[in-house]
Amino acid sequence: MTNETLLKQFAKGQTNLKKDTTGLNCVIYTRVSSKEQADTNQSLEWQKKYCLNYAIKNDLKILGYFGGTYESAKSDERKEFSRMLKFVKSQKEKVSYILVYSLDRFSRTGDSAIYIASELKKSGVNILAVTQPIDTNSHAGSLQQNIQFIFSKYDNDLRRQKTVDGMREKLLRGEWLGNVPTGYSYDKTHGTKEQRIVITEKGWFVKQAFEWRAEGRSYEEIVDKLEKLEFKIPFQLLTDMFRNPFYCGLISHNLLNGEIVKGKHPALISEDLFLQANNLCKSNGYKIKLVEENLPLKRFVRDAETNHPFTGYIVKKKNKYYYKVNKVGVKVNRSIDIMHNKFREILKYYSIPDIAIAPLKLQLAYTYENSTGSHAEIKKTITGKLTELNTKLEKLEERHAFGEINIDVYNKFTSKLLLEKENLTAELEKLTIKLSNPKELIDFVCRFASKLATVWTSANYHQKQTIQNLIFPHGILYDAKIDNYRTPKVKYIFERMACLTRVSEEKKNGSFDFYVENSRLVARTGVEPVIPP
Numbered sequence: 031m032t033n034e035t036l037l038k039q040f041a042k043g044q045t046n047l048k049k050d051t052t053g054l055n056c057v058i059y060t061r062v063s064s065k066e067q068a069d070t071n072q073s074l075e076w077q078k079k080y081c082l083n084y085a086i087k088n089d090l091k092i093l094g095y096f097g098g099t100y101e102s103a104k105s106d107e108r109k110e111f112s113r114m115l116k117f118v119k120s121q122k123e124k125v126s127y128i129l130v131y132s133l134d135r136f137s138r139t140g141d142s143a144i145y146i147a148s149e150l151k152k153s154g155v156n157i158l159a160v161t162q163p164i165d166t167n168s169h170a171g172s173l174q175q176n177i178q179f180i181f182s183k184y185d186n187d188l189r190r191q192k193t194v195d196g197m198r199e200k201l202l203r204g205e206w207l208g209n210v211p212t213g214y215s216y217d218k219t220h221g222t223k224e225q226r227i228v229i230t231e232k233g234w235f236v237k238q239a240f241e242w243r244a245e246g247r248s249y250e251e252i253v254d255k256l257e258k259l260e261f262k263i264p265f266q267l268l269t270d271m272f273r274n275p276f277y278c279g280l281i282s283h284n285l286l287n288g289e290i291v292k293g294k295h296p297a298l299i300s301e302d303l304f305l306q307a308n309n310l311c312k313s314n315g316y317k318i319k320l321v322e323e324n325l326p327l328k329r330f331v332r333d334a335e336t337n338h339p340f341t342g343y344i345v346k347k348k349n350k351y352y353y354k355v356n357k358v359g360v361k362v363n364r365s366i367d368i369m370h371n372k373f374r375e376i377l378k379y380y381s382i383p384d385i386a387i388a389p390l391k392l393q394l395a396y397t398y399e400n401s402t403g404s405h406a407e408i409k410k411t412i413t414g415k416l417t418e419l420n421t422k423l424e425k426l427e428e429r430h431a432f433g434e435i436n437i438d439v440y441n442k443f444t445s446k447l448l449l450e451k452e453n454l455t456a457e458l459e460k461l462t463i464k465l466s467n468p469k470e471l472i473d474f475v476c477r478f479a480s481k482l483a484t485v486w487t488s489a490n491y492h493q494k495q496t497i498q499n500l501i502f503p504h505g506i507l508y509d510a511k512i513d514n515y516r517t518p519k520v521k522y523i524f525e526r527m528a529c530l531t532r533v534s535e536e537k538k539n540g541s542f543d544f545y546v547e548n549s550r551l552v553a554r555t556g557v558e559p560v561i562p563p
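Going by our numbering, the sequence shown opens with residue 31, and the numbers climb by one from there.
This is the structure we're talking about:
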């Protein structure tokens with residue numbers, strides 16, 4: 031053996047001789063971009079056949095098959111694509127090649143595809159398109175492959191632009207894209223291709239919500255009122271609804287680049303009402319029901335005998351306000367002084383005494399810490415599900431934009447995902463307590479609960495309404511026979527604190543056993559026994 035041969039073993043760097051693929055391992059990846067192609071096997075089997083023949087011809091050992099379904103090449107977060115990459119990197123038997131029919135079947139992401147190919151190459155894995163054989167071990171071959179990746183993305187971008195232009199033209203014609211907002215539905219009974227949108231039964235609830243908002247009612251109050259009418263809508267969706275000009279006959283969409291166009295669909299509300307609901311217009315046509323600050327108990331109080339609500343009026347000569355039952359034949363009239371004074375007495379009764387504030391603060395702090403801690407894992411799970419749903423919705427929109435799925439399939443699956451998202455959002459809102467300073471809020475709540483009558487007296491009309499509904503969610507009754515109020519239902523926390531306060535007072539006076547043996551929920555004279563929830 032010559033010295034040259036012996037010394038060659040100390041040489042560095044890789045040999046420039048072309049590698050022999052004989053005996054190497056590979057995986058096969060096939061993909062189509064639409065479900066229709068996948069269902070009819072228009073190209074999946076064809077791709078697999080070509081890759082399989084190439085592997086057999088070059089004596090490559092196939093370790094696995096991936097894809098075999100429809101996946102958009104625009105995103106490299108595809109399920110089968112990601113599973114293949116994970117398999118290639120973790121496989122004990124080294125994979126040398128990923129066989130694809132053509133490079134655009136691998137990816138159409140351009141620079142992202144180039145990066146993935148580069149990282150795979152560092153691990154000794156080459157992407158091999160059987161209909162576009164390129165030796166990627168050379169710089170020229172790598173450049174050629176990268177150019178093909180870029181052209182695939184360019185072709186994808188051109189198609190997307192054409193699709194987006196078509197969608198924009200559709201919007202400019204006044205036609206809607208995707209799912210219609212709550213209160214509307216597509217009418218497919220007319221048998222033509224022309225888009226027709228109609229108002230559904232839910233539209234009445236939506237319109238009512240806009241009117242309530244225009245009157246100045248809070249979001250929480252509107253959600254509560256709608257729920258009593260058996261129409262549930264999460265707080266966040268209600269916010270989005272009020273900001274959507276679709277309801278006043280206009281179309282706003284990201285593809286319109288800041289423009290608003292007149293839609294072909296029927297308007298559910300007027301433009302004036304829409305602006306008023308968003309606090310942008312105080313008048314201009316729509317009559318807002320003006321509230322009378324002096325009559326906060328109007329419709330909140332009902333007659334105990336007939337269950338009809340009290341309304342209010344003013345005697346102009348005396349400049350004095352009165353409440354009366356709004357029913358022919360019922361003669362119950364009371365001045366606001368009488369009604370308000372008696373209502374303040376009830377509020378004092380359900381106020382938290384000073385002696386109970388300290389233990390109440392401790393209990394509220396404990397409850398807050400316990401609830402936020404126990405719900406952490408549940409909230410994490412729900413948040414994860416919402417992220418998955420948003421990803422699915424985005425992919426559905428992309429596939430619809432690229433023409434991979436038709437409008438019927440898009441609407442069917444989007445409706446299902448949106449309903450699931452709505453339910454999860456509502457569940458998450460129930461578990462989420464957004465407090466930046468819980469101690470400060472607890473202090474405020476205790477101060478508020480200890481001075482209910484004072485706070486109510488100094489509040490404005492809407493604040494009074496909020497306080498009334500907070501403590502007595504079903505309103506209260508006025509019994510003319512005893513000239514006092516009855517409270518059919520009281521919020522549990524106020525009822526319980528009032529009960530415990532009475533027990534504490536009686537314990538001091540030595541009559542604690544009386545309240546234990548008898549109902550602890552019995553209020554003092556003139557107030558109907560409280561019914562716990």
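In this text, a Cβ means the ideal position worked out from N, Cα and C, and glycines have one as well.
Three or more Cβ pairs closer than 8 Å define a contact, and the segment 489-509 meets that threshold against the segment 331-340. Rounded to whole angstroms, the gap between the alpha carbons of Q306 and A244 is 5 Å.
With fewer than 16 other Cβ atoms inside 10 Å of its own Cβ, E322 counts as exposed. DSSP, reduced to helix, strand and coil, places V228 within a strand of the structure shown. Between S365 and A483 a beta carbon distance of about 18 Å is seen, past the 8 Å cut, so the two are scored as non-contacting. Under the DSSP assignment, F340 falls in the beta strand (DSSP E) whose first and last residues are 340-345.
Take Q266, set aside five residues on each side of it, and the residues of its chain with a beta-carbon closer than 8 Å to its own are T455, E459, in chain order.
Between R516 and the set F502, A528, M527, the nearest pair of CA atoms involves F502. Taken atom to atom, the span from the alpha-carbon of P163 to that of R429 is near 30 Å. Spanning the alpha carbons of Y127 and K425 requires a straight line of approximately 29 Å.
When beta bridges are read from the DSSP output, D333 appears opposite Y508.
Around the beta carbon of W76, fewer than 16 other beta carbons sit within 10 angstroms, so the residue counts as exposed. Per the coordinates, the alpha-carbon of I437 lies some 39 Å from the alpha-carbon of L93.
Of the other Cβ atoms in all chains shown, 16 or more fall within 10 Å of the Cβ of N156; this residue is therefore buried. Within the same chain, Cβ atoms closer than 6 Å to the Cβ of K451 are found at L419, the five residues on either side in sequence being excluded. For K446, the closest of E123, K422, E457 by C-alpha to C-alpha distance is K422. Non-local C-beta neighbours of G208 in its own chain, meaning closer than 8 Å and more than five positions away in sequence, comprise E427, H430, Y440, N441, T444, ordered along the chain. Counting the other CB atoms within 10 Å of its CB gives P296 a total below 16, which places it among the exposed residues. Under the three-state reduction of DSSP output, G233 falls in the helix class. F373 is positioned such that its CB atom lies no closer than 8 Å to that of K354.
Here T219 is not bridged, per DSSP, to any residue.
Linking P326 to H492 through their CA atoms gives a straight-line distance of about 8 Å. In this structure V118 is in contact with V57, their Cβ atoms being roughly 6 Å apart against a cut-off of 8 Å.
The Cβ atoms of V130 and Y84 lie no closer than 8 Å to each other.
DSSP lists I92, Y127 as the beta-bridge partner residues of C56.
Cβ-Cβ separation between I472 and K391: approximately 6 Å, consistent with a contact (criterion under 8 Å). Under the 8 Å Cβ criterion, the segment 197-212 counts as touching the segment 262-276, having at least three qualifying pairs. In this model, V291 and F304 are separated by some 16 Å (Cα to Cα). In this structure, DSSP gives K78 a helical state, which the three-state scheme calls helix. Nearest to G293 by alpha-carbon distance, out of K218, E250, F235, K200, is K200. Secondary structure note for L158: its beta strand (DSSP E) is the uninterrupted segment 156-159. Counting of Cβ neighbours within 10 angstroms places L449 among the exposed residues, the total staying below 16.
Sequence-distant Cβ neighbours of V253 in its own chain, meaning closer than 7 Å and more than five residues away, are I263, F265, L268. Looking at the DSSP output, S282 bridges to I290.
For N514, no alpha helix (DSSP H) encloses it; the enclosing beta strand (DSSP E) starts and ends at 514-516. Rounded to the nearest whole angstrom, the CA to CA distance from E301 to Y396 is 48 Å.
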